[in-house]
Every structure is written in structure tokens, then in C-alpha cells.
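Step one of this worksheet: look at the structure below.
Below you can see the structure in the form of C-alpha cells.
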């Protein structure tokens, strides 16, 4: 069982317009789906046929819309009802713009109360307790912390998982990332900006080494089209996906996390897990929805990808022990 | 009783950002309120202490959000539940932009079924039947028609009102405006663009004369900061509000309609009704929310405004007979 946690989920709205012309009124084509990084991870895992559940606090009318979409799409979920109103994100996509860049509006989301946080911790504990009967469980913590929680919130959840012998993937940034490291997550997955932001070091390898020193058991750094690099105590590898023109990078990092969770659950060797993550991530860029990948391209990319080892010599090829 | 009808209402979201930078992600300040032109009219009338009710079809989660906001704000409303999902509009307002222009995204809204349309007609009939005990009733029909309705939909409602001896103000555009004229609305309120669009005539006076010829009993043409001009069988008048720098024109036309409905209900002389409409409209521009006006400015503008008569000599100063 792979349990994902999305503490600040959203109703993700996409407005598709020919061109975004500031100062004018547009009549967009509208799509909506449940969003948030952990939700994307569970959506991907469910599509892969993996046992998974997305834990998320929901409130308000948009919270109901999120729950309904998850039910309609059969995405396994465990909702903690909250008093605040779930946020929206609006992404404006242009079909006739030369740069093709998306414009985003990310609402900040509700504050969690102390009581709601306690309920979330208890729910995750209960799910992990059940899940430990399944030897291949993983906890995935994704996204920024909502208002009202201490930076150490993820460290608390990592400790809960650790108590059940369940390893954790932590995909967040800033103080929440730094505070989580002391609880020794199995994998952290910063992108290049997040690595620099968390450590102040512009060299990704040095920055990753710093995160390892502070407690991460492995660092998988994502660099968009340049692929994924795993830095571990046993060595470093890079998997570079095929070049994709255009596409939608939203959710690409979450797809990588989904594959890493599968690798961690199955004790897959690092080069294979990394190739899988890069392939699934690239196959997600080919679709216009987060959490959805091009299944044919995924298999093709996976068969074509061969990660290469880095100077720091490999002393083993298995993921960190559970 | 002034009954307003909003066939395609919306949850109006305002995103306030320092600047809109296409291709980047923003963290907006968010406000939401029930919207749609008739809702704005009822909100204004309710603030003026007038007896009013907003009739509107609502469905889906955003429909529930609209209903909740109306209840919270104590705006009198009569909801017809529908199977489709009520739309949103998103307006992006910039606080640090030199032009200060807003960027809009107007979702198109749900289709109404034949059965839902019949329910709406019946509800309006029942409200007007009750309202005829009140000699000063008016029906206000505002906004574009939703998908699924014939262009003649407003003409049907005008005929229903006519059956109860209740005059109608029609504030719409295009084919729905033209089709409504045959049912002889007491007032139509096109803006300059809508006049041109409906008649193909670029001279507003000629265009207004054309609408009178086709059945409107009076045409009140709005020209933004240039004010309002009433064209009637009895003469023509213009009321020009004070110049306002900045401000938010959203809902200004709806405020004018609210004042015209009050004038029509009370048998107010045209110059007075027009001055009231121009003053209330300008006082609404001073606030950042549709349906909300600056009460102090409203009184001041009203005392300062003196409409002037046009060449076609006045043969009377009362609004069209009921």
C-alpha cells in the first residue's frame, strides 16, 4: 500500500484560450480535476494498478467538488473533513501562443486547526498500521504545508511511518523540507530551484550532498527535461528522458515520485527505479493532465532509458534499507 | 416588488494581484460573490431598502456557493434547482498596473432543459401573481440567455408579466434583445456597443429610434462615463454623472437598471429617474464590488445631477404607462 498525503489539495481548473490578452475578457474552455501533488501521485499509482490511497483534508464547496471528482475517477481517497474551504488553482493555457507558456493563479488554501491536524495524524497512523501487514508499504508526503502547521509537521509524519517500519518519500521545499530531513526520509525529491533554495548551494551535487548530510537517505534531484539524478550513500546515477517538444510539465515530478515509491516498495535497484521514474515522468508530460500518462510512451521510454553512474563510485545498487 | 431574473448566474471570483505577468504563477488575494446582472440589481435594490427578489437557476457546487453567499448577505432570492453546474467568472485585477485594466475569464454556464425552463416561467408567474397585490411591481430581465433557450425566451417572460399588468425592463443584447422587443418591454437598456450590434446603426439616437420602432416603449442607452440617455415617445434626456478617475465599472449598468426599476415602479418623471440612475451607477463605480454603492456619494451625485432635454421636444415627463 502506498499512502500519499496532500495537506493542501486543490480543485485544479484549467482555462484553455486561444491567447491570453491582459485587459480583455475571455471565454475559456474549462476542465476541472482534483489536484495537489499527492493526489497526482495516487492517480498515477492507481492507473498503474498499484494499491494506493490519497489522504487529504477537504472542506467547503470546492472540497466537495474535489471529493466528487475523485469518486467519479475511482481514485482511492481518505478524506479528513475540515472547517476551512479547499482552495482552487486556475491555470490558463494558450493554444495559439508562440511561447505556449501557462499562466497560473494558486489560491493559498485554508488554515488547519490543531484538532484537524491531530485527526490527519491519527488517520495516517491507522492506514499505516493496516498497511504494515503488506510488507511493501511506502508513505509519500507531497507539497507545501498549509497555513497553521509548524515546519516540523512532515517530520512528525515521517516518525509515525518509521514507527510502523514504513519508509517515506518527502517531496516538498524550503523550511518544511529542511525540518523533515532530521526524521530521515528514505528519499527527498527537490527540483533544481528547491535544492538551491533549501541549501543556498548552486551546485546540485553539493546541495544534494548537504541534504544527505542532514539526514535524507537518498536525494533524487529533478531537472525538468534534463532528467533525474539520484544521490545516495551507495552512488549517484542520472536518467535522462527523451527530448519532448511542447507537452505539459504539470505533474511530471509527481509521476517521478509515483515511480520512486513503486521502486522503494519493491526494493528495485536504483538504476532501474530511476529509469522508471524518468520514463513515467516523460510519459506524463505528453498528456495535458497531471496524474495521467501516455501508457504506450511510458513502456517505450522505459525500454530505451539507461541511467549512467556518476563519478562517486557505486557501492551497491539497491535503494536505502527500509 | 421588483422581481429580477438572472438566467445564467455565476459565482464571481476576483483575483487581486500586483501585476498580471503571463507565463508565470501568481498567488492572488481571492474574493467571491454571487453574480449575474439580475443578482446585482437585486443586491442594489435590497441595499436601497426596496422589496425585491432575485430569481435564478442554480446547480452544482458553485450553485451551492452562490446560494450560500446570497443567504449570508441576506439578498432575497428564489432558486430553481437545475441539473447543470452553475458557472464561474474569474476577474483578475491588478493593483500595480499603470493601465489598471481587469482581465476576465467568463465560463459559458450550463444548458437549461425544457423542464427547467418551464419551472422558471412558472416560478416567475407565481411571484408576479403575488406581486400584483402590490401596485408598484416591475420585472427585470438581465443578461445573456443560457444555452438551450430560444431567442424568444425573454419575450415569453415579458408576456407573462404583461398578463399581470407588470412592466418589464429588459437588459440584454443581440438576438435576445431583438426578439424581446416585440413583446413591448417598458424599458430596454443597451450600452453603445449593444445598440450598434443590435441595429447595425452607429448613431446611438438612430439606433435607439430603431428599437423604439420595433416595440420598446423606452430606450435608455448607457455610454459609460458619458452617462445615460433616455429615448422615449415623449422626448429624450441625458444625465451625465461626475467624472470619476479609476473605480470599477463592473455592475454600473446594473445599478442604473435598479434605479430605473424604482422609477418605473413609482411613476417617477423621466428626468428624475434618469438622474437617479446616473447617480447610483456612478456611486457603484466608486466601490470594488458589483451591486454595492457608496451611499454618501449616491446622495451627493443625485443632488448635483440635472439631466438635459434633447432636441426632440418633450411632450411629457412621465415614464411609459404601465
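Protein chains in written order, with my numbering: chain A, 1191 to 1512; chain B, 1191 to 1512. Don't be surprised by glycine CBs; every beta carbon is placed ideally from N, CA and C. Computed from a predicted structure; not experimentally measured.
Chain-ordered chain B contacts of residue i [CB-CB under 8 angstroms]
i	result
residue 1294 of chain A	1214, 1215, 1216
Within 7 angstroms, strictly: CB atoms of residue i and residue j
i	j	result
residue 1199 of chain B	residue 1226 of chain B	yes
residue 1492 of chain B	residue 1469 of chain B	yes
residue 1365 of chain B	residue 1348 of chain B	no
residue 1158 of chain B	residue 1420 of chain B	Look at the range of chain B in this structure, 1191 to 1512, and you will see that residue 1158 of chain B is not part of it.
residue 1256 of chain B	residue 1197 of chain B	no
residue 1265 of chain B	residue 1232 of chain B	yes
residue 1277 of chain A	residue 1301 of chain A	no
residue 1281 of chain A	residue 1204 of chain A	yes
residue 1242 of chain B	residue 1192 of chain B	yes
residue 1335 of chain B	residue 1358 of chain B	no
residue 1344 of chain A	residue 1368 of chain A	no
residue 1350 of chain B	residue 1327 of chain B	no
residue 1474 of chain B	residue 1442 of chain B	yes
residue 1377 of chain A	residue 1495 of chain A	no
residue 1397 of chain B	residue 1385 of chain B	yes
residue 1194 of chain B	residue 1239 of chain B	no
residue 1465 of chain B	residue 1431 of chain B	no
residue 1500 of chain B	residue 1412 of chain B	no
residue 1339 of chain A	residue 1284 of chain A	no
residue 1476 of chain B	residue 1436 of chain B	no
Under 7 angstroms by beta carbon: chain A residues contacting residue i
i	result
residue 1298 of chain B	1217
residue 1220 of chain B	1297
residue 1289 of chain B	1213
CB-CB length for residue i against residue j, believed under 8 angstroms
i	j	result
residue 1446 of chain A	residue 1467 of chain A	4 angstroms
residue 1354 of chain B	residue 1318 of chain B	4 angstroms
residue 1516 of chain A	residue 1401 of chain A	Because chain A here runs from 1191 to 1512, residue 1516 of chain A falls outside it and cannot be looked at.
residue 1234 of chain A	residue 1448 of chain A	4 angstroms
residue 1428 of chain B	residue 1417 of chain B	6 angstroms
residue 1380 of chain A	residue 1388 of chain A	6 angstroms
residue 1424 of chain A	residue 1230 of chain A	Their Cβ separation, rounded to whole angstroms, is 29 angstroms, which puts residue 1424 of chain A and residue 1230 of chain A out of contact at 8 angstroms.
residue 1252 of chain B	residue 1275 of chain B	6 angstroms
residue 1217 of chain B	residue 1298 of chain A	6 angstroms
residue 1134 of chain B	residue 1333 of chain B	Here chain B comprises residues numbered 1191 to 1512, so residue 1134 of chain B is not present and cannot be evaluated.
residue 1434 of chain B	residue 1472 of chain B	6 angstroms
Contact list for residue i against chain B, beta-carbon separation under 9 angstroms
i	result
residue 1410 of chain A	What residue 1410 of chain A touches in chain B: nothing, since even the nearest Cβ is about 23 angstroms away.
Chain-ordered neighbours of residue i on chain A, where CB pairs are closer than 8 angstroms
i	result
residue 1280 of chain B	1205, 1280, 1295
Closer than 7 angstroms at the beta carbon, the chain B residues around residue i
i	result
residue 1254 of chain A	1251
residue 1210 of chain A	1212
What are the start and end residues of each continuous beta strand (DSSP E) run of 3 or more residues lying completely inside the region 1225-1305 of chain B, in chain order? The DSSP assignment places complete beta strand (DSSP E) segments of no fewer than 3 residues inside the region 1225-1305 of chain B at 1242-1248, 1267-1271, 1277-1284, 1293-1296, in order along the chain.
Spell out a yes or no on whether the region 1475-1482 of chain A and the region 1287-1301 of chain B are touching, meaning 3 or more CB-CB pairs, one atom from each, closer than 8 angstroms. Using a C-beta cut-off of 8 angstroms, the region 1475-1482 of chain A makes no contact with the region 1287-1301 of chain B, since fewer than three inter-stretch Cβ pairs fall below that distance.
Counting pairs of beta carbons, one from the region 1233-1250 of chain B and one from the region 1266-1278 of chain B, are three or more of them closer than 8 angstroms? Pairwise C-beta distances place the region 1233-1250 of chain B in contact with the region 1266-1278 of chain B, as three or more of them are shorter than 8 angstroms.
Secondary structure, beta strand (DSSP E): runs of 3+ residues fully inside the region 1356-1380 of chain B: Runs of the beta strand (DSSP E) inside the region 1356-1380 of chain B: 1358-1361.
I want to know whether the region 1222-1237 of chain A touches the region 1258-1267 of chain A - three or more CB-CB distances under 8 angstroms. Segments in contact, yes.
Any beta strand (DSSP E) of 3 or more consecutive residues that is wholly inside the region 1383-1447 of chain A: For the region 1383-1447 of chain A, the full-length beta strand (DSSP E) segments reaching 3 residues or more read 1408-1412, 1418-1422, 1425-1429 along the chain.
Continuous alpha helix (DSSP H) assignments of at least 4 residues falling wholly in the region 1456-1495 of chain B: List check, alpha helix (DSSP H) in window: 1460-1475, 1485-1494.
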